[in-house]
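Residue numbers (my numbering), protein chains in the order written: chain A, 143 to 423; chain B, 1093 to 1397. Backbone N, C-alpha and C fix where the C-beta goes; we use that ideal spot for every residue, glycine too. Remarks on the structure that follows.
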Amino acid sequence: MDQAILSNDFDASLARQRCMKYRRRILDVSQRVSALHIAPAFSCLEIVDCIYHALMRPAEAGRSIDSFLMSKGHGCMAQYAILEDVGVLARGELDRYCTASGLLGAHPDYGSPGIEAATGALGHGLAMALGMAIAERNRTKKGALLPVIYTVLSDGEMQEGSTWEALMLASSLGVSNLVAVIDNNDFQSLGRTSETHPTFYPLDEKLAAFGWEVVEMGGHDAEALYNAVTMREGRKPFVVVAKTVKGRGVQFMENVPIWHYRSPNPEEYRLAIANLAEVSS
Amino acid sequence: MRNMFAEVLYDLARQDERIHIVVADISPAGSMAKFREEFPHRFINVGVAEQSMIGICAGLALKGMRPFAYTIATFSLYRPFEMVRDDLCYQNLPVTVVGIGGGVIYSTLGGTHYAQEDIAVAGAIPNMSIIAPCDPAEAKMATQYVAKRPGGGPIYLRFGKAGEPNLTQKDSEPFVFGKLRYLRRGSDVCVLSYGVIMKMAAEIADGFAASGKSVSLISCHTLKPLDREGISEVLRRHKQVIVVEEHAPQGGLAPQTKQIAWDIGANCRIDCFTLKDEFVHCYGSHEDILAAHGLSAKRILQATM
């Protein structure tokens, strides 16, 4: 399944407006269900927006030659909001989120519009993205554009051994059409990763040692992300360690673990909407 | 069996560019060298990284390829179990997971290398099909089927290792996915089996034939979906049915045969011989390990004749 795409131009101001709109939409959906992954979606929203709206190259019929796989499946509200915005998902579909009459659940499901692979269990996405990258490489004729596979990983799934298998393999197998962005919000269920698992860091050095071209940067500055990815050397698989804030955009949700999987009550919702601001870094 | 697989896959890969083989530092010898030399991009060695082996196969299949994952059965199915379940079965992708050395065939390597419950484990997952050929000839037909089928989901292909005798005779039936395959047809006794232990099943059939009985010998190569109609017919048409299985007592052919017998009210005699629900701590030949589980042609004949 190919993905829909709007355009290749990057306009930082438009991107900020879009992400503000997506945050509001996600908060709206949260009022229909008892729980959803708000904070993990807000954490990677600028990243996913940049991939869909700027990095993925358009092909015919509103599709892209590139693919996006959401490895951190619990961040899928970010993806759903964008897919709805670009018309891949019908608006009514997101309103039926997590209901028996709808298609969409709290993790992306293969077969749903615009979803490349079923994820949710952590540590699966990178190897699948790697397999997709190899398939594209093997079937692309010489001289033709080589499709790129984009994937967003959570920092939590960087603790899965399977992720490190795939990291080691991607470079060893000489794959260059794979771009991973790690949503490094430094939070997992039981606390800050830097406190619970301090040797998790430094990430960038580990990734470089595993043969990847690495950039570490702020994860809410979409323009900087766009520039970093488009200006990569491209001889190796490319990874961005994107330093993000879990729950970014709603102050009282930022860096507060409970918002990993909770819907705000009506009062909190009103406060969140009133509190929403454009995010630029 | 693995040499036959390598030869057949090479031939198929020449005709079909979608065929990839992803191995985890274990490779079928012989003809696989030809595959590797001729199609280096379609031969992917992930090293000792079975989770990635399955994940990469899923990614290849998501982009329209026909991948085969290949390593020792315990490592192709148990080590990356969640990848097999989520990436292949949940997404219902046309990936073949080849498990070499199903059962207790790695008889000197010990329990870590025994896939003695693989049919139950693989069979419990929705969308997964299971094929366990009994000899190289059947392995060839099964591999051709798997590679050429038009669509379909994941398949666990359980092989032996190398050097199995061909039990398939000239008048044996062709391989049909999901159907019992008669190696011999008779009317008194039926020996129902699959996989490498078919050699023992054939000896048991020989024993009954020598005593004047008319004997059927059947390869139930497709364990899932099981040929319920075919097994029902076996139970109706024979006076005695003997199931010989190199697998744990739960979740394999034996309990399912008894279940079908109950469902149809069969009145034949049924004897089932499986591996024990135990880890045996002994080393030796394949026959030695089977004997440690109570499986030998002599013992089964004594118990059933």
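Among the options, the one whose alpha carbon lies nearest that of residue i
i	options	result
residue 1257/B	1263/B, 1131/B and 1225/B	1225/B
residue 311/A	286/A, 331/A, 271/A and 297/A	271/A
residue 387/A	153/A, 180/A and 343/A	180/A
residue 1174/B	265/A, 396/A, 233/A and 161/A	265/A
residue 209/A	238/A, 293/A and 241/A	293/A
residue 1172/B	1116/B, 1362/B and 1317/B	1116/B
residue 262/A	283/A, 298/A, 290/A and 171/A	298/A
residue 412/A	164/A, 172/A and 260/A	172/A
residue 1294/B	1149/B, 1327/B and 1335/B	1335/B
residue 1401/B	1333/B, 1108/B and 1215/B	The first residue shown for chain B is 1093 and the last is 1397, placing residue 1401/B beyond what the model contains.
residue 1181/B	1215/B, 1112/B and 1095/B	1215/B
residue 1399/B	1194/B, 1322/B and 1278/B	The structure shown does not extend to residue 1399/B, since chain B spans only 1093 to 1397, so no value can be given for it.
residue 330/A	366/A, 422/A, 403/A and 156/A	403/A
residue 1278/B	1155/B, 1330/B and 1125/B	1330/B
residue 1266/B	1281/B, 1160/B and 1310/B	1310/B
residue 1190/B	1305/B, 1168/B and 1236/B	1168/B
residue 417/A	221/A, 282/A and 165/A	165/A
residue 191/A	289/A, 338/A, 373/A and 227/A	227/A
residue 1327/B	1337/B, 1312/B and 1349/B	1349/B
residue 1202/B	1371/B, 1391/B and 1095/B	1371/B
residue 253/A	1154/B, 1177/B and 1240/B	1154/B
residue 156/A	176/A, 196/A and 175/A	196/A
Environment of residue i [buried if 16+ CB atoms lie within 10 Å]
i	result
residue 1110/B	buried
residue 354/A	buried
residue 381/A	buried
residue 408/A	exposed
residue 319/A	buried
residue 378/A	buried
residue 149/A	Confidence at residue 149/A is low in this model, with a pLDDT of 48, below 50, so its placement is unreliable and the value that follows should be read with caution. Label assigned to residue 149/A: exposed.
residue 1292/B	buried
residue 1248/B	buried
residue 323/A	buried
residue 1359/B	exposed
residue 1232/B	buried
residue 1314/B	buried
residue 241/A	exposed
residue 1351/B	exposed
residue 1374/B	exposed
residue 373/A	exposed
residue 1304/B	exposed
Chain-order list of residues whose beta-carbon lies under 7 Å from that of residue i (same chain, five-residue window excluded)
i	result
residue 255/A	225, 230 and 231
residue 1377/B	1199
residue 257/A	250 and 251
residue 350/A	356
residue 1340/B	1208, 1209, 1212, 1366, 1367 and 1369
residue 1455/B	Because chain B in this structure spans residues 1093 to 1397, residue 1455/B falls outside the shown range and cannot be described.
Neighbourhood of residue i by C-beta distance below 6 Å, restricted to the same chain and skipping five residues each side
i	result
residue 1264/B	1275
residue 143/A	Any reading at residue 143/A must be qualified, since the residue scores a pLDDT of 38, below 50, and its modelled position is unreliable; the value itself is stated next. No residues qualify anywhere along the chain.
residue 1252/B	1093, 1197 and 1288
residue 317/A	275 and 379
residue 182/A	216 and 217
residue 267/A	211, 213, 261 and 293
residue 1149/B	1114, 1159, 1161 and 1187
residue 395/A	181, 389 and 401
residue 328/A	334, 335 and 336
residue 1396/B	1334 and 1363
Beta-carbon separation (whole angstroms), residue i vs residue j, contact threshold 8 Å
i	j	result
residue 1299/B	residue 1387/B	Residue 1299/B to residue 1387/B, Cβ: 14 Å. No contact.
residue 1290/B	residue 1227/B	7 Å
residue 1381/B	residue 1196/B	4 Å
residue 248/A	residue 178/A	6 Å
residue 1345/B	residue 273/A	Incorrect: roughly 33 Å between the Cβ atoms, too far for contact.
residue 365/A	residue 154/A	4 Å
Cutoff 8 Å; reference residue i; Cβ partners in own chain excluding five residues on either side
i	result
residue 287/A	199 and 207
residue 1244/B	1186 and 1221
residue 1127/B	1098, 1101, 1102, 1105, 1113, 1134 and 1135
residue 422/A	154, 158, 362 and 363
residue 1343/B	1209, 1211, 1212, 1213, 1215 and 1216
residue 1296/B	1283, 1334, 1336, 1389, 1392, 1393 and 1396
Distance cut-off 7 Å: residue i Cβ against heavy atoms of the ligand ZN
i	result
residue 1199/B	As presented, the structure is devoid of all ligands, the ligand ZN included, so that no description of it is given.
Taking three-plus beta-carbon pairs below 8 Å as touching, is the stretch 1182-1198 of chain B in contact with the stretch 1270-1281 of chain B? no
Three or more C-beta pairs closer than 8 Å, one from the stretch 1137-1144 of chain B and one from the stretch 1194-1212 of chain B: is that the case here? no
Does the stretch 180-189 of chain A come into contact with the stretch 212-219 of chain A, if we say contact requires no fewer than three beta-carbon pairs (one atom in each stretch) closer than 8 Å? yes
Do the stretch 1221-1239 of chain B and the stretch 1274-1289 of chain B make contact, defined as three or more Cβ pairs closer than 8 Å? yes
Taking 8 Å as the threshold, find out whether the stretch 276-285 of chain A comes into contact with the stretch 300-309 of chain A through three or more Cβ pairs. no
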